[in-house]
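*Asks:* Sharing a structure, written as structure tokens. Questions coming.
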Ligand SMILES: NC(=O)c1ccc[n+]([C@@H]2O[C@H](COP(=O)([O-])OP(=O)(O)OC[C@H]3O[C@@H](n4cnc5c(N)ncnc54)[C@H](OP(=O)(O)O)[C@@H]3O)[C@@H](O)[C@H]2O)c1
């Protein structure tokens, strides 16, 4: 069982697993400055990983890379432009990854949007479902050959406690083309899908790779840029109207990323592949049943294959 807790940070967990991090190739998606992804990449570089910085904006990737290089002179970084809201762009990025030499040992699918106004992607999908789940489903599936080249590959999927807000709406994942859109149900749907993706990946790749979904912990980041005054009123138990957190639930970015490092490197949890982690601990029992049901996970895999127009058999 994990020895880490809410006081742990990505850096303190990383230090314990420094020997496991050194020399590994790790892809982190969503590495814009000020978020979990950038700090995760920084800590990975600090402990000697080869880090692939994946994001939709090359200038933000470069800003994060520059900041890391200032702290870690020998940082081994690669840039990868990846827009998860476009399947064509995801395929292009995956093609690039497939040309890398050597395995991908870990992928941390951290990128995400939250509570955005209704928007349809170029592929005709609701934006939060498309970016948070479908894009990552396609990306991980396409780079699977590179992950399977690793002797002990791991996939870390960023979910959220927000998965409680909604199940996957199999009969209407697009909210009637936006007519009945509720941005919080949509965020919940997308983050439920992330956990289910982990459940089914674990099932299909049993013995071949290890996967965890993670609630990284609440921290004020750019994720909150879509929040309105009405949203803060709705969540008034947790926020003041100016968006500052109420109570003591809020974590630093470092505390938020600690659970990613447990999921990616802690050998003591290997046998629990497919599980959900929160506050550095296995917390599958605490996740919503709609996010952990095996039949639902299989159904989502099939829906996801349909949405990307490709089957991914093991
Ligand atoms: N912060 C929290 O309290 C909290 C709690 C639970 C879960 N999480 C999860 O943690 C993850 C990281 O969030 P964060 O708080 O660090 O927020 P953040 O700073 O806004 O980071 C999100 C990252 O995702 C990227 N992204 C968004 N849409 C993308 C797309 N279509 N293609 C590629 N990249 C895209 C963003 O890029 P741009 O800068 O270009 O937009 C940014 O780099 C998210 O999955 C979030 O749901 C966060």
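In full-length UniProt numbering, the protein residues as written are 1 to 314. C-beta: ideal position from N, C-alpha, C; glycine also.
1. With respect to the alpha helix (DSSP H) encompassing residue 269, which residues constitute its N-terminal and C-terminal limits?
2. Using the three-state DSSP reduction, which class does residue 246 fall into: helix, strand or coil?
3. Where residue 167 and residue 130 are concerned, what is the direct C-alpha to C-alpha distance, given to the nearest angstrom?
4. Using the Cβ count rule (16 or more neighbours within 10 Å means buried), how would you classify residue 18?
5. Would you tell me roughly how many angstroms separate the C-alpha atoms of residue 315 and residue 84, rounded to the nearest one?
6. State the Cα-Cα distance for the pair residue 274 and residue 212, rounded to the nearest angstrom.
7. Determine contact between the segment 292-299 and the segment 19-26, defined as no fewer than three beta-carbon pairs at a distance below 8 Å.
8. Below 7 Å between beta carbons: does that hold for residue 30 and residue 110?
9. Could you name the residues of the same chain whose beta carbon sits closer than 8 Å to that of residue 90, not counting the 5 residues immediately before and after it, in chain order?
10. Give a single yes or no on whether residue 56 has its beta carbon closer than 6 Å to a heavy atom of ligand 1.
11. Could you please give me the residues that DSSP links to residue 27 through a beta bridge?
12. Do residue 254 and residue 11 have their CB atoms nearer than 7 Å?
13. With residue 103 and residue 146 assumed to form a contact (beta carbons below 8 Å), what rounded beta-carbon distance in angstroms separates them?
14. Could you check whether the segment 241-250 touches the segment 170-184, counting it as contact only if at least three pairs of C-beta atoms, one from each stretch, sit closer than 8 Å?
15. Under 8 Å: do the segment 105-125 and the segment 179-187 share three or more Cβ pairs, one atom per stretch?
16. Label residue 235 either buried or exposed according to how many other C-beta atoms from any shown protein chain fall within 10 Å of its C-beta, with 16 as the threshold for buried.
17. Counting pairs of beta carbons, one from the segment 259-278 and one from the segment 206-221, are three or more of them closer than 8 Å?
18. Contact between the segment 210-229 and the segment 152-164 is defined here as three or more beta-carbon pairs at a separation below 8 Å; is this criterion met?
19. Quick check: what's the CA-CA separation for residue 262 versus residue 99?
20. Would you check whether ligand 1 has a heavy atom nearer than 6 Å to the C-beta of residue 309?
21. Is it the case that the Cβ atoms of residue 198 and residue 250 are separated by a distance below 7 Å?
22. Taking the C-alpha atoms as reference points, what is the distance between residue 316 and residue 53?
23. I'd like to know whether the C-beta atoms of residue 128 and residue 193 end up nearer to each other than 7 Å.
24. Do you know offhand how far residue 290's Cα is from residue 69's?
25. Pop quiz: residue 277 and residue 114 are said to be a contact at Cβ under 8 Å. What is the actual Cβ separation, rounded to whole angstroms?
26. Applying the 10 Å Cβ sphere with the 16-neighbour rule, what's the burial state of residue 257?
27. Please check the pair residue 312 and residue 302, which I expect to be a contact at CB under 8 Å, by giving their CB distance rounded to whole angstroms.
28. Any heavy atom of ligand 1 closer than 6 Å to the Cβ of residue 16?
29. Does the distance from the C-beta atom of residue 122 to that of residue 27 stay below 7 Å?
30. Would you mind sorting residue 315 into buried or exposed? The rule is 16 or more other CB atoms within 10 Å of its CB.
*Replies:* Short version:
1. Counting along the chain, residue 269 falls outside any alpha helix (DSSP H), and DSSP gives it neither H nor E.
2. DSSP, reduced to helix, strand and coil, places residue 246 outside both helices and strands of the structure shown, so it counts as coil.
3. 15 Å
4. Residue burial is scored here from C-beta neighbours: residue 18 has fewer than 16 other C-beta atoms within 10 angstroms and is therefore classed as exposed.
5. Only positions 1 to 314 of the chain appear in this structure, which leaves residue 315 out of reach.
6. 5 Å
7. no
8. yes
9. 82, 83, 84, 135, 138, 139, 142
10. Indeed, a heavy atom of ligand 1 lies less than 6 Å from the Cβ.
11. Paired residue(s): 52, 107.
12. Residue 11 sits close to residue 254, with the two beta carbons spaced by under 7 Å.
13. 6 Å
14. With the cut-off at 8 Å, the segment 241-250 and the segment 170-184 do not touch.
15. yes
16. exposed
17. They touch, by the three-pair rule.
18. They touch, by the three-pair rule.
19. Between residue 262 and residue 99, the C-alpha separation is close to 29 Å.
20. no
21. Contact flag unset, no.
22. The requested residue 316 does not occur in the structure, where the chain is confined to residues 1 to 314.
23. no
24. The alpha-carbon atoms of residue 290 and residue 69 are separated by roughly 42 Å.
25. Residue 277 to residue 114, Cβ: 19 Å. No contact.
26. buried
27. In fact, because the Cβ distance is near 11 Å, the residues do not count as touching under 8 Å.
28. Incorrect: residue 16 has no Cβ contact closer than 6 Å to ligand 1.
29. no
30. Since the first residue shown for the chain is 1 and the last is 314, residue 315 is missing from the structure and cannot be characterised.
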